[in-house]
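Notes follow the structure.
Residue numbers (our numbering): 3 to 219.
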């Protein structure tokens, strides 16, 4: 059974996308009151005990959503920064081989204390490990909280080779879409990397989610 991290979740429609140097990061729009409260609660739960110290959390979706679930990571990072915690959000993207190799990385400042970076994950697991490791070490040196987002985790496990630099993982579960078998496989994959599974976050919901849905996860 997954730990319940969300009772009311934010809808993707509350963000908008725009291309920046060939990458499609999410620019944050203001959330409604209920969604903002839930994001702030998720930030507190995921980074509980991080006061005075830096933590690094992996947020992973299980589908090939093209990075569309990264808005959850961005909103949580923005919430942490709004509460005074410098935060780095790292979004791993897997672009096609046809795209220019020099478009390796794009940085965007979301707020005074929150920086988001989109990194091209094209390459081997070792390449991904090196890229993620460098960013996590930089965040820790700066005393910043760190959030790493990856989609399609089951087919892109390279990020788990950096598990020694991560303090836990939460799975982004699309209501009515993510399969139980995929959840079980992801939990096993994360456990094999000696990383704690903090729980699941249900996404793509606009209403409070019935308890019975959590019992099915």
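For every residue, glycine included, the Cβ atom is placed at its ideal position computed from N, Cα and C.
Which residues mark the beginning and the end of the beta strand (DSSP E) in which residue i is found?
i           : result
residue 150 : 147–152
residue 259 : Since the displayed the chain opens at 3 and closes at 219, residue 259 lies outside it and no answer follows.
residue 95  : 89–95
residue 170 : 170–176
residue 61  : 58–63
residue 118 : 116–122
residue 199 : 199–205
With a Cβ-Cβ cutoff of 8 Å, do residue i and residue j count as a contact?
i           : j           : result
residue 41  : residue 77  : yes
residue 60  : residue 161 : yes
residue 167 : residue 200 : no
residue 119 : residue 92  : yes
residue 135 : residue 116 : no
residue 109 : residue 80  : no
residue 131 : residue 65  : no
residue 172 : residue 48  : yes
residue 156 : residue 198 : no
Under DSSP, the alpha helix (DSSP H) around residue i begins and ends at which residues?
i           : result
residue 47  : 35–48
residue 74  : 72–84
residue 183 : 182–194
Pop quiz: residue i and residue j are said to be a contact at Cβ under 8 Å. What is the actual Cβ separation, rounded to whole angstroms?
i           : j           : result
residue 63  : residue 174 : 4 Å
residue 150 : residue 45  : So it is not a contact: roughly 15 Å between Cβ atoms.
residue 141 : residue 195 : Residue 141 to residue 195, Cβ: 19 Å. No contact.
Quick check on this structure: which residue in the options has the alpha carbon closest to the alpha carbon of residue i?
i           : options              : result
residue 170 : 153, 186 and 202     : 202
residue 158 : 35, 54, 192 and 204  : 192
residue 87  : 204, 51, 72 and 96   : 51
residue 176 : 189, 190, 204 and 95 : 204
residue 143 : 54, 35 and 85        : 54
residue 95  : 85, 72 and 39        : 72
residue 85  : 185, 190 and 38      : 38
Using a threshold of 7 Å, is the CB atom of residue i nearer than that to any non-hydrogen atom of the ligand SAH?
i          : result
residue 89 : Inclusion of the ligand SAH in the displayed structure is not the case, the ligand content being empty and no account of it being possible.
Quiz item: Contact between the segment 165–182 and the segment 107–126: three or more CB pairs below 8 Å?
Solution: No: fewer than three Cβ pairs fall under 8 Å.
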